[in-house]
Amino acid sequence: MTLRTTDLHRPAAATALALATALALAGCVPGEGSAPAAADPTAASSDDAGWSTDTLDIDFATYNPLSLVIKEQGWLEETLGDDVTVTWVQSAGSNKANEALRAGAVDVGSTAGSAALLARSNGSPIRTIDIYSQPEWAAIVVPAGSDITSVADLAGTSVAATKGTDPYFFLLQALGEAGVPLDQVEVQNLQHADGRTALEQGSVAAWSGLDPIMAASEAESGTQLIYRNVDFNSYGFLNATEEFLETSPDVAQVVVDTYEKARAWAQENPDEVVAILAEVAGIDPAVAARVIGERTNLAVDPVPGDAQREVLEVVGPIFVESGDVASQDDIDRALDELFEPTYAQDADPARVDG
């Protein structure tokens, strides 16, 4: 959202009515960074005002457990009521969520932080309004019995990865740390599930995988994680289009309120989260339990800020070096523009029905 300042310094002769009118207008500017009244779902859902939109298109993804909880519980539908039609669109990966956001197919989509930075650096008009998790969702995977035991062994091989997603950037960072030039590795750009298939069928030597697909591959096919590094995994970012934030800040606030309700509920009901993930992802509950219990941290500050920026400042130059972003100036500009913290700062789960 764009912060705006309204000039309230009136001449002494100004009437109280004029001042009151100016204050009211200042509180109703779409996207006002510090105007909770404009984004207050309680006020917006009154019979007199109504919501600012009659549709909400939002994604859900197996890599975003909170989205699965919200969809399952129906909290958005209950809070927004019959006046707003909520349409859920599944994202197969951060790259697909970014495509949907850029095309206007969804108003709100969930990605890895690295993918959000990539999209913003390349001109996609999105803002990050909530941090939904700090996961360890990416690692380098090889088949059972593989001779590859380290990242250095990937030189001269073919590796599957989904470009525009955290596993791809995980791979780039891992190669850089191991001193393996990118041009010594053939990266096959496959969607996450297809990467697993390619690995297990022997079409690639390794796969930069994503949970829960990666955890399922471990359990079902005996594949092995040869390199893990939680610091190379960026946070889970909930992003919205600028147009949606400008025209429907009230509904955007409901979305973030609902995410914070889901965060608390998930931490109180981990077994139910595991069951939901297992059902949606089609995986064994034991695999889902590994993903939720061992590789997903939901107890994070939802306000996008310094912690996330520090991670992205490391990833950004890699984008430029790999040719995914034209210049460091584009990265710096995106870092300055990407975060919109006010929705998470103003979040109140108590405003959510259900």
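Residue numbers -26 to -1, 1 to 328, in mature numbering (1 follows the signal peptide of the UniProt record, and there is no 0), belong to the letters of the sequence shown in order.
Backbone N, C-alpha and C fix where the C-beta goes; we use that ideal spot for every residue, glycine too.
Kindly indicate the opening and closing residues of the beta strand (DSSP E) around residue i.
i, result
"residue 109", "100 to 109"
"residue 43", "Per DSSP, residue 43 belongs to no beta strand (DSSP E); it is in the alpha helix (DSSP H), 39 to 47."
"residue 171", "Note, residue 171: premise wrong, no beta strand (DSSP E); alpha helix (DSSP H) at 166 to 174."
"residue 64", "59 to 64"
"residue 55", "Note, residue 55: premise wrong, no beta strand (DSSP E); not H, not E."
"residue 207", "First-last for residue 207: undefined, no H or E at that position."
"residue 33", "29 to 34"
"residue 85", "82 to 86"
"residue 162", "160 to 163"
Do you know how far the Cα of residue j is from the Cα of residue i?
i, j, result
"residue 62", "residue 34", "7 angstroms"
"residue 39", "residue 74", "19 angstroms"
"residue 233", "residue 267", "19 angstroms"
"residue 323", "residue 96", "34 angstroms"
"residue 332", "residue 241", "Shown here, the chain extends from -26 to 328; a query on residue 332 therefore has no answer."
"residue 138", "residue 153", "22 angstroms"
"residue 327", "residue 238", "14 angstroms"
"residue 244", "residue 303", "42 angstroms"
"residue 112", "residue 171", "16 angstroms"
"residue 222", "residue 305", "28 angstroms"
"residue 254", "residue 41", "11 angstroms"
"residue 187", "residue 175", "15 angstroms"
"residue 28", "residue 220", "15 angstroms"
"residue 231", "residue 279", "18 angstroms"
"residue 211", "residue 85", "5 angstroms"
"residue 325", "residue 155", "51 angstroms"
"residue 117", "residue 52", "45 angstroms"
"residue 36", "residue 66", "8 angstroms"
"residue 47", "residue 246", "11 angstroms"
"residue 13", "residue 295", "Low local confidence applies: a pLDDT of 43 at residue 13 is under 50, so the model's placement there is unreliable, and no value is given."
"residue 330", "residue 101", "Look at the range of the chain in this structure, -26 to 328, and you will see that residue 330 is not part of it."
"residue -4", "residue 314", "Caution is warranted here: a pLDDT of 33 is assigned to residue -4, below 50, making its placement in the model unreliable, and no coordinate value can be reported."
"residue 30", "residue 94", "22 angstroms"
"residue 105", "residue 287", "17 angstroms"
"residue 145", "residue 285", "15 angstroms"
"residue 348", "residue 98", "Residue 348 lies beyond the residue range present for the chain, which begins at -26 and ends at 328; the question has no answer from this structure."
"residue 256", "residue 281", "33 angstroms"
Within a Cβ cutoff of 6 angstroms, which residues of the same chain sit near residue i, ignoring the five residues on either side of it in sequence?
i, result
"residue 159", "128 and 133"
"residue 191", "170 and 197"
"residue 181", "115, 134, 169 and 173"
Might you give, ordered along the chain, the residues of its own chain that have their beta carbon closer than 7 angstroms to the beta carbon of residue i, omitting 5 neighbours on each side?
i, result
"residue 123", "200"
"residue 248", "259, 262, 263 and 266"
"residue 69", "89, 136, 137, 138 and 139"
"residue 289", "88, 91, 143 and 208"
"residue 147", "206 and 292"
"residue 164", "134, 136 and 172"
"residue 45", "34 and 62"
"residue 178", "132, 133, 134, 162 and 172"
"residue 270", "39, 107 and 109"
"residue 130", "158"
"residue 43", "236, 239, 240, 247 and 250"
Taking residue i as the reference, give the member of the options with the closest Cα.
i, options, result
"residue 107", "308, 318 and 273", "273"
"residue 251", "280, 147, 189 and 197", "189"
"residue 167", "161, 184, 151 and 257", "184"
"residue 293", "308, 313 and 202", "308"
"residue 311", "54, 276 and 103", "103"
"residue 81", "278, 276, 228 and 235", "228"
"residue 149", "203, 313 and 85", "203"
"residue 214", "284, 236, 109 and 318", "318"
"residue 235", "50, 36, 300 and 72", "50"
"residue 77", "210, 179, 216 and 181", "216"
"residue 320", "285, 281 and 276", "276"
"residue 297", "120, 32, 157 and 121", "157"
"residue 114", "101, 120 and 141", "141"
"residue 195", "119, 300 and 287", "119"
Just list the residues that DSSP pairs residue i with in beta bridges.
i, result
"residue 198", "116"
"residue 183", "113"
"residue 212", "84 and 104"
List the endpoints of the continuous alpha helix (DSSP H) containing residue i.
i, result
"residue 135", "Counting along the chain, residue 135 falls outside any alpha helix (DSSP H), though it belongs to the beta strand (DSSP E) covering 132 to 135."
"residue 269", "259 to 269"
"residue 156", "Taken as a continuous stretch (DSSP letters only), residue 156 belongs to no alpha helix (DSSP H), as it is neither H nor E."
"residue 304", "302 to 311"
"residue 292", "280 to 296"
"residue 250", "244 to 255"
"residue 69", "68 to 77"
"residue 316", "316 to 319"
Between residue i and chain B, is there a C-beta pair that is closer than 8 angstroms?
i, result
"residue 327", "The chain inventory of the structure shown lacks chain B, comprising one protein chain alone."
Counting only the same chain and skipping the five closest in sequence on each side, list residues whose C-beta sits under 8 angstroms from that of residue i.
i, result
"residue 126", "152, 153 and 154"
"residue 64", "33, 34 and 35"
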